[in-house]
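*Asks:* Residue numbers (numbering that gives the first Met the number 0), protein chains in the order written: chain A, 0 to 39; chain B, 0 to 214.
Virtual Cβ for every residue (Gly too), placed ideally from N, Cα, C.
Remember, it's a predicted structure, so these values are computed and weren't measured experimentally.
Below: one structure in structure tokens.
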Amino acid sequence: MPDNWGYVFAAYGLAVIALGAYWRRLARRAKSLAGPGGSE
Amino acid sequence: MTRALGWLAALALVIGLGAAFGYAPREAVQGNVQRIMYLHVPAVLTAYLAFALVFAGSLGYLFTRRLGWDRLAVAAAEPGVLFTGLTIVSGSIWGKPTWGTWWTWDARLTSTAVLFLVYVGYLLLRGMVDEPDRRARYAAVVGILGAANIPIVHFSVKWWRALHQPSTILGPEPSPIAAPIALTLLVNWIAFTLLFLYFLARRAEIARLEESHAG
């Protein structure tokens with residue numbers, strides 16, 4: 000069977016984008032709720 | 000503590016990625032496309048863990064009426080939906096070159112899609128109810144009923160004729176997987192679990208802040 004690297008990189012690439020986006024979303028929500036000067 | 004968990008998860012993910020592409024051998028039958036397994040299987044196992052915690056949090060809330068249990072449930076549900084989505088997408092991408100199709104109404108795929116939709120519904124329901132105790136009560140009922148789908152997803156490949164292969168881990172027989180492949184899978188499973196625990200801690204803290212702002 001051919002290696003189909005394109006499928007492998009598509010799967011991992013989408014996972015990195017989705018997990019990274021959720022990571023950022025959580026950070027933004029925490030920051031906005033903590034208020035000015037707030038940290039995690 | 001949470002920040003340290005985040006860094007630990009990031010490190011574990013890098014190690015897992017290195018193992019998936021640098022240590023695990025090229026699979027003899029499928030070739031390199033099998034490397035999607037190191038993403039697909041840890042994602043679904045993490046989703047099982049997340050929804051088991053939604054179940055525990057839901058039961059805990061209904062028995063005690065303490066909002067801390069509800070925070071656990073919602074903090075687990077969001078990443079659970081994310082990891083289930085990753086399972087479906089990575090499985091679909093893996094399915095195209097190996098099965099010749101992106102999607103088929105196979106028992107495993109269909110039950111996983113139902114699992115995904117049930118917990119998307121769980122999150123939508125939470126968004127529709129403003130009063131915290133009523134929201135927690137309604138969500139807890141869905142969280143408990145939704146968990147019934149976890150064993151259906153897992154055992155679907157045994158109970159029905161399916162295109163999806165039977166479980167090679169968490170199955171009744173000893174796993175036939177070669178040691179380097181099993182080790183790579185284990186490393187990625189640990190990495191995904193750490194990442195989930197990080198998401199859980201962050202999301203629970205956000206839920207606590209939201210409650211203190213609302214109250």
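1) Does chain A have any CB closer than 8 Å to the CB of phenylalanine 198 (chain B)?
2) Specify the secondary structure class of glycine 30 (chain B) as computed by DSSP and reduced to three states.
3) From which residue to which residue does the alpha helix (DSSP H) around valine 128 (chain B) run?
4) For the stretch 41–59 of chain B against the stretch 143–158 of chain B, are there 3 or more C-beta pairs whose distance is under 8 Å?
5) Confirm, please, whether the CB-CB distance from alanine 203 (chain B) to alanine 74 (chain B) is below 8 Å.
6) So, helix, strand or coil for histidine 163 (chain B), using DSSP?
7) Give a yes or no on whether 8 Å exceeds the smallest Cβ distance from glutamate 39 (chain A) to chain B.
8) Would you kindly check if the distance between the Cβ of tyrosine 47 (chain B) and the Cβ of glycine 15 (chain B) is under 8 Å?
9) Please report how far the alpha carbon of arginine 136 (chain B) lies from the alpha carbon of tryptophan 68 (chain B), in whole angstroms.
10) Straight-line CA distance for arginine 207 (chain B) to leucine 32 (chain A)?
11) Less than 8 Å between the beta carbons of phenylalanine 198 (chain B) and tyrosine 6 (chain A), yes or no?
12) Using CA coordinates, which residue listed in B:Val140, B:Ala213 and B:Ala106 is at the minimum distance from tyrosine 118 (chain B)?
13) Cutting at 8 Å between CB atoms, please list the residues of its own chain near glutamate 77 (chain B), excluding the five before and the five after it.
14) Rounded to whole angstroms, how far is the Cβ of alanine 138 (chain B) from the Cβ of leucine 116 (chain B), which I believe are closer than 8 Å?
15) Can you look up glycine 99 (chain B) in the DSSP assignment and give me helix, strand or coil?
16) With H, G and I counted as helix, E and B as strand and the rest as coil, what does DSSP make of alanine 147 (chain B)?
*Replies:* In short:
1) For the purposes of this step, residue 198 (chain B) is identified with residue 199 of the second sequence, where counting begins at 1. For phenylalanine 198 (chain B), a Cβ of chain A is located within less than 8 Å of the residue's own Cβ.
2) In the second sequence, the residue the question calls residue 30 (chain B) occupies position 31. Residue state, collapsed to three classes: strand.
3) Numbered from its first residue, the second sequence carries residue 128 (chain B) at position 129. It is not in any alpha helix (DSSP H) - valine 128 (chain B) carries neither H nor E in the DSSP assignment.
4) A contact exists between the stretch 41–59 of chain B and the stretch 143–158 of chain B.
5) One-based indexing of the second sequence puts residue 74 (chain B) at position 75. One-based indexing of the second sequence puts residue 203 (chain B) at position 204. Alanine 74 (chain B) places its beta carbon less than 8 Å from that of alanine 203 (chain B).
6) Against the second sequence, residue 163 (chain B) aligns to sequence position 164. Coil at histidine 163 (chain B), not helix or strand.
7) On the first sequence, position 40 is the one that residue 39 (chain A) refers to. Low local confidence applies: a pLDDT of 44 at glutamate 39 (chain A) is under 50, so the model's placement there is unreliable, with the coordinate-based value given in what follows. For glutamate 39 (chain A), the answer is yes, since a Cβ of chain B falls inside 8 Å of its Cβ.
8) Residue numbering aside, residue 15 (chain B) sits at position 16 when the second sequence is read from its first letter. Residue numbering aside, residue 47 (chain B) sits at position 48 when the second sequence is read from its first letter. Contact: no.
9) Start at 1 with the first residue of the second sequence, and residue 136 (chain B) comes out as number 137. Start at 1 with the first residue of the second sequence, and residue 68 (chain B) comes out as number 69. Between arginine 136 (chain B) and tryptophan 68 (chain B), the alpha-carbon positions lie close to 11 Å from each other.
10) Translated into positions along the second sequence, residue 207 (chain B) becomes position 208. Translated into positions along the first sequence, residue 32 (chain A) becomes position 33. The alpha-carbon atoms of arginine 207 (chain B) and leucine 32 (chain A) are separated by roughly 10 Å.
11) For the purposes of this step, residue 198 (chain B) is taken as residue 199 along the second sequence, with counting starting at 1. For the purposes of this step, residue 6 (chain A) is taken as residue 7 along the first sequence, with counting starting at 1. No, the pair does not count as a contact, with Cβ atoms beyond the cut-off.
12) As a working mapping, residue 118 (chain B) is identified with position 119 in the second sequence. Put simply, of B:Val140, B:Ala213 and B:Ala106 the residue whose alpha carbon is nearest the alpha carbon of tyrosine 118 (chain B) is B:Val140.
13) Position 78 of the second sequence, counting from 1, holds the residue named residue 77 (chain B). So the qualifying residues of the chain are Leu122, Phe198 and Arg202.
14) In the second sequence, the residue the question calls residue 138 (chain B) occupies position 139. In the second sequence, the residue the question calls residue 116 (chain B) occupies position 117. Not a contact, Cβ separation roughly 16 Å.
15) Translated into the one-based positions of the second sequence, residue 99 (chain B) becomes position 100. It is coil, neither helix nor strand.
16) As a first step, residue 147 (chain B) is located in the second sequence; it is residue number 148 there, counting from the start. Coil, per DSSP.
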